[in-house]
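J.: The working numbering runs 3 ahead of the 1-based position in the sequence shown.
One structure, as structure tokens, below. Some questions next.
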Amino acid sequence: MTTLEIELLGAPRALAAAQLPSDTSPHSGRALRRFALELHVPKERHQELEAELQAAATPEGPHLHGSQGNWRVLDGWNTVPTGHRREIRIYRIQVEEVEAPGRRDRRTAPPSAHLPRTH
Numbered sequence: 004m005t006t007l008e009i010e011l012l013g014a015p016r017a018l019a020a021a022q023l024p025s026d027t028s029p030h031s032g033r034a035l036r037r038f039a040l041e042l043h044v045p046k047e048r049h050q051e052l053e054a055e056l057q058a059a060a061t062p063e064g065p066h067l068h069g070s071q072g073n074w075r076v077l078d079g080w081n082t083v084p085t086g087h088r089r090e091i092r093i094y095r096i097q098v099e100e101v102e103a104p105g106r107r108d109r110r111t112a113p114p115s116a117h118l119p120r121t122h
């Protein structure tokens, strides 16, 4: 278990995160980190969080910002009310690291990509 700091509902949140198997970037071929998270959210913030998660689940974002990178929410999150405190909802979500557009890993880029540009 590790901790990810991700901005949610307008503030940075330190979240316990369970590492999942990585995925391979279609752009650079490098491994993209994936984590499972559990959030406890007051009922009055439920709709706001739902909208934020739905936006962050799209390929173009806006994605969730964190101290260790940006994160895309993977489809299939779920929410349940807690048994004894109905005003709190528990969200279980999975996130995947987002690679910056156009970023190429220097280890996998063709040799010509390392040459300086000439004018």
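C-beta: ideal position from N, C-alpha, C; glycine also.
1. For the region 13-39, list the beta strand (DSSP E) runs that are entirely contained and at least 3 residues long, ordered along the chain.
2. If you count every other CB in all the chains shown that lies within 10 Å of the CB of LEU42, and 16 or more means buried, which is it?
3. If you measure between the beta carbons of ARG33 and GLN22, is that distance less than 9 Å?
4. Work out the CA separation of LEU52 and ARG89 for me, nearest whole Å.
5. For PRO113, does the three-state DSSP call read helix, strand or coil?
6. What are the start and end residues of the beta strand (DSSP E) that includes GLN97?
7. Look at the alpha carbon of GLY17 and the alpha carbon of LEU11, and state the distance between them as a whole number of angstroms.
8. Let me confirm a value: ILE91 is counted as buried when at least 16 other C-beta atoms fall within 10 Å, else exposed. Which label applies?
T.: So, to answer that:
1. 14-27
2. Counting from 1 along the sequence shown, the entry for residue 42 is found at position 39. Label assigned to LEU42: buried.
3. In the sequence shown, the residue the question calls residue 33 occupies position 30. In the sequence shown, the residue the question calls residue 22 occupies position 19. Not closer than 9 Å, so no.
4. Taking the first residue of the sequence shown as position 1, residue 89 is located at position 86. Taking the first residue of the sequence shown as position 1, residue 52 is located at position 49. So the two alpha carbons sit approximately 17 Å from each other.
5. Counted from its first residue, the sequence shown places residue 113 at position 110. Unreliable placement is indicated for PRO113, whose pLDDT of 43 sits below 50; the coordinate value is still reported in the next sentence. Reduced to three states, the DSSP call for PRO113 is coil.
6. Looking up residue 97 in the sequence shown gives position 94. Note, GLN97: beta strand (DSSP E), 91-101.
7. As a working note, residue 17 is residue 14 in the sequence shown. As a working note, residue 11 is residue 8 in the sequence shown. Residue 17 is actually Ala in this sequence, not Gly. Approximately 10 Å, taken between the alpha carbons.
8. Along the sequence shown, one-based indexing puts residue 91 at 88. Burial call: exposed.
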